[in-house]
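So the sequence shown is numbered by numbering that gives the first Met the number 0: it starts at 0 and just counts up by one.
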Amino acid sequence: MAVEIFCYYTAQLAQLKIESEFITKWRNTAHSSEVFQDIIQNKYHRYKVIYTDGSKSVNFPAVGAACFTPEDNHTTRITLPKQASVFTAECVALEAALKYIYRHQDNAYVVCTDSLSLVQTMDSPRIKPHRNRHIVSIKNIVHKLKEEAPGLEIIIMWIPSHKGIQGNEQVDREAKEAAQSAVNVVHTVPHTDIFPLLKQKITKNTHKELTRQASFKGGAYFNKYYSDSSTHPWFHNKKLPRHTTVWINRLRSNHYNLKASLKRVNIVQDTRCQCGFPVEDIDHMLWDCTCTQAHRQEMVQQLGTKRLTPPYKIEKFLKSPNITALKIIDDFLCKNNLNL
Ligand SMILES: [Zn+2]
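Here it is in structure tokens:
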């Protein structure tokens, strides 16, 4: 059966009924399978149950989607290109279930999926046809069914995966099998599915380039602080004032506004501190210098209350930045008018 893709605005407003009783009951029970059977037997005994699932794993060569109807032991398996997201697979599985319904049009159906995001998308009036054409296609079929078979009832129901619900276990196996087969339908993958792949590639290339640069650009920063395990800078989500982030970054790069650093780039001729100590660097200013001793005791005391014990060295706090310690140090720098 070919359900043509059209995109009438009214079709996009078509919604499936959502079964919500199970979600509420499921939260308070350890017997999901029994609760599920109860609801099906009491509320939906005259309905045909269809299970859908999508499967994606790094171990599989493709992405799988399946729908399974126990009553007539009917299975549809669809293999999608490996770039497809698991959400796309869940959509394709639901699409397959709706096509099955369109062909049979018995009387009433419950479609069970373990994809909460799919149920939420189906429940949402927001339409983003440019993001995922499968949702458009699903809504078109629903709309067509409502027009052609107004009495036909379709409920969509979220169920938990791997909780012993037999139909779910079965469709999970079918989707996995589909993911291990050759692509059997020419399916365009929504362009948004490609974004995580691009991001992965960009991150990998960036790390490669940074590591290459580290080999000739002074390795101190890379050896001490660089980490390829995160795609965010260390200050992401830390909510620090900008000036604090700036001086911490300056210290981590070992280029900051004290004579030890300035001498290296010939801005000053001498590294000697006002107090007479030969090297004016950050550790001297924080822990030793007599010019900054007025607020030192307070800083050291505060560090002590955070269970940070001496001997102190700034490098220790900069490594995977210790924000608590750095905030205390920030306060000390402000009180001493030290602008790094
Ligand atoms: Zn000094």
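Note that CB positions come from ideal geometry on N, CA and C, so glycine has one too.
Which residues bound the alpha helix (DSSP H) around residue i?
i      : result
Glu279 : Looking at the DSSP string, Glu279 is not in any alpha helix (DSSP H), and its letter there is neither H nor E.
Gly303 : 295 to 304
Arg251 : 241 to 252
His103 : 85 to 103
Tyr220 : 219 to 223
Phe316 : 313 to 317
Cys333 : 322 to 334
Phe67  : Segment 62 to 68 is the beta strand (DSSP E) holding Phe67; no alpha helix (DSSP H) there.
His267 : Note that residue 267 is Val in the sequence shown here, rather than His. Segment: none, Val267 is in no alpha helix (DSSP H) and carries neither H nor E.
Ser116 : 115 to 122
Asp37  : 31 to 42
Asn338 : From DSSP, Asn338 is part of no alpha helix (DSSP H); its letter is neither H nor E.
His133 : 132 to 147
Measure the C-alpha to C-alpha separation of residue i and residue j and round it to an integer number of angstroms.
i      : j      : result
Asn236 : Asn338 : 24 angstroms
Lys315 : Leu257 : 19 angstroms
Pro159 : Leu151 : 26 angstroms
Ile322 : Ile137 : 49 angstroms
Ile164 : Leu197 : 37 angstroms
Phe215 : Leu209 : 11 angstroms
Thr304 : Ile327 : 11 angstroms
Glu147 : Ile140 : 10 angstroms
Ala178 : Pro195 : 19 angstroms
Arg172 : Leu117 : 20 angstroms
Ala92  : Leu250 : 53 angstroms
Ser31  : Gln212 : 55 angstroms
Asn119 : Asn106 : Per the sequence shown, residue 119 should be read as Gln rather than Asn. Cα to Cα, the separation comes out at about 25 angstroms.
Asp329 : Lys207 : 34 angstroms
Thr244 : Pro232 : 11 angstroms
Ala1   : Thr205 : Below a pLDDT of 50, predicted positions are generally treated as unreliable, and Ala1, at 48, falls in that range; the measurement from the model is reported next regardless. Between Ala1 and Thr205, the C-alpha separation is close to 45 angstroms.
Ala259 : Leu285 : 14 angstroms
Gln199 : Ile49  : 36 angstroms
Ser19  : Lys81  : 32 angstroms
Lys334 : Asn222 : 32 angstroms
Val267 : Glu279 : 12 angstroms
Leu302 : Thr308 : 7 angstroms
Ile4   : Tyr99  : Here Ile4 scores only 49 on pLDDT, less than 50, and its place in the model is too uncertain to base an answer on.
Leu317 : Phe86  : 40 angstroms
Ser319 : Tyr224 : 7 angstroms
Arg102 : Thr202 : 46 angstroms
Ile22  : His161 : 15 angstroms
Val34  : Tyr46  : 17 angstroms
Is it the case that the CB of residue i approaches a heavy atom of ligand 1 more closely than 7 angstroms?
i      : result
Phe276 : yes
His283 : yes
Glu279 : yes
Gln292 : no
Cys288 : yes
Gln199 : no
Gln273 : yes
Compute the beta-carbon to beta-carbon distance between residue i and residue j, rounded to the nearest angstrom, for a pair I have assumed lies under 8 angstroms.
i      : j      : result
Asp52  : Asp113 : 6 angstroms
Ile247 : Asp282 : That belief does not hold up - the Cβ atoms of Ile247 and Asp282 are roughly 15 angstroms apart, past 8 angstroms.
Ala83  : Val62  : 4 angstroms
Gly166 : Phe67  : 6 angstroms
Val109 : Tyr43  : 5 angstroms
Ala95  : Val170 : At roughly 11 angstroms, the Cβ-Cβ gap does not stay under 8 angstroms, so Ala95 and Val170 are not in contact.
Ser180 : Thr78  : 5 angstroms
Ile153 : Leu15  : 6 angstroms
Pro189 : Arg132 : 6 angstroms
Ser56  : Ala88  : Contact doesn't hold; Cβ gap of about 11 angstroms is too wide.
Arg76  : Glu176 : 6 angstroms
Ile39  : Ile155 : Not really, about 14 angstroms apart at Cβ, beyond 8 angstroms.
Just curious, the beta strand (DSSP E) that residue i is in, first and last residue?
i      : result
Ile17  : 16 to 18
Val352 : Nothing in the structure corresponds to residue 352, since the chain is present only between 0 and 339.
Ile158 : Per DSSP, Ile158 belongs to no beta strand (DSSP E) and is neither H nor E.
Ile164 : Here Ile164 belongs to no beta strand (DSSP E), and DSSP marks it neither H nor E.
Arg211 : First-last for Arg211: 194 to 213, but that is the alpha helix (DSSP H), not the beta strand (DSSP E).
Arg76  : 73 to 79
Ser226 : Neither: Ser226 is in no beta strand (DSSP E) and is coded neither H nor E.
Val48  : 47 to 54
Just to confirm, does residue i get its C-beta within under 7 angstroms of one of the non-hydrogen atoms of ligand 2?
i      : result
Thr270 : As for ligand 2, it is missing from this structure, which binds only ligand 1.
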